[in-house]
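Chains as they are written, first to last, in the numbering used here: chain E, 40 to 95; chain Y, 26 to 255. For glycine and all other residues, C-beta sits at the position ideal for the given N, C-alpha and C.
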Amino acid sequence: MYWGSLSEFLEMGGYGLYVWTSFIITALCMVWEILALWRRRAAAIAESRGIVRDIG
Amino acid sequence: MIPWFGTVAALAIAVGLYIGLLVAPTDFQQGEAYRIIFVHVPAAWMSMFLYVVMAVWAAVGLGLNARLSFMMTQAIAPTGAMFTFLALLTGAMWGKPTWGAWWVWDARLTSELILLFQYAGVMLLRTSIDDQRRADRASGVCALVGVVNIPIIYFSVQWWNTLHQGASVSMTAAPKMATVMLTGMLLMTFGFWMYSLAVILSRARCVILERESLQLWSKPSSVAEVAGVR
């Protein structure tokens, strides 16, 4: 372990704002993409079922 | 396959973050700001790599007239665009403390920004054309032509005098960084790679389903069918 304390870890030697913004936005984008895909998948499945029912 | 890739991605990213944020020592020149490398470089690599893969699928689609290839092109574009955006954003976050500017019009940064516009172009061209086959072909050509920008991005730091630093890791020479840092970065890259596989395959399934539905809706109905509904 490199860090002495939690506050030291969060400060990142004064660069905390830049480092944490980078990591958090990257994480948010990836999580958002996964959630958006789940919704898209659910919608696609619902739509194809609906059509099959209508035609069927 | 998709949950498997997802699990491997989560594990690799978790270990990569552990090494990158908790184990790796500080950089003697840039202090802790260098830790942005653990998201910046993997995102930038993925942005270029995914573009090449997308262009290859577009080429296969155009050459063999294969619908599935175009669906892969369609599935890759949003993830590639996201990583391009992230590479630019984390780059700005890194540029401000080390160069003193969020953005400079340096060859590496400019060509990467153009890559973002190319992804946008490929996606917009598809959605702006109603006819599926024409949309596929147009955005495929767009993706394929744009691939010339990839070597420009890659070699920009050698061809021009850029503010952006040169490559620390290359195929031909020994890496110019400490082993711990390199391990963390490669693990993050591997994680992003697996993540992309999971997300892209899952999006491809959505695209297939959506196109099937579209075809069923637009299927010309026979007189008997219409009469049956009435």
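Asked                                                                                                                                                           : Found
Where DSSP assigns a beta bridge to GLY55(E), which residues make up the other side?                                                                            : The partner list for GLY55(E) (beta bridge, DSSP) is empty, contrary to what the question assumes.
Going by DSSP, what residues sit across from GLY86(Y) in a beta bridge?                                                                                         : According to DSSP, GLY86(Y) bridges with nothing at all.
Rounded to the nearest angstrom, how far is the Cβ of ALA58(Y) from that of TYR57(E), given a contact under 8 Å?                                                : 6 Å
So, with DSSP's three-state summary, where would you put ASP52(Y)?                                                                                              : strand
Give the interface partners of ASN49(Y) over in chain E, defined as CB-CB distance under 9 Å, in chain order.                                                   : First, the amino acid is wrong: residue 49(Y) is Ala here, not Asn. By Cβ distance, chain E contributes TYR41.
Ordered along the chain, which non-local residues of its own chain (more than five positions away) have a Cβ less than 8 Å from that of TRP128(Y)?              : ALA117, GLY120 and LEU134
Using C-beta distances below 6 Å, list every residue in its chain close to GLY171(Y), excluding the 5 sequence neighbours before and after it, in chain order.  : GLN143
What do you reckon, are the CB atoms on LEU169(Y) and ALA35(Y) nearer than 7 Å?                                                                                 : no
Starting from ASN174(Y), trace the alpha helix (DSSP H) both ways and give me its first and last residue.                                                       : 174 to 184
Quick one, are the C-beta atoms of ALA49(Y) and VAL205(Y) less than 7 Å apart?                                                                                  : yes
Taking Cβ-Cβ distances shorter than 8 Å, what residues in chain Y pair up with SER61(E)?                                                                        : ILE61, VAL64, HIS65, LEU114, THR115, MET118 and TRP119
Note down, in chain order, each residue of its chain lying with its Cβ closer than 7 Å to the Cβ of ALA223(Y), except the 5 sequence neighbours on either side. : ILE27, PHE30, GLY31 and ALA34
With a threshold of 7 Å between beta-carbons, can SER44(E) be considered close to chain Y, or not?                                                              : no
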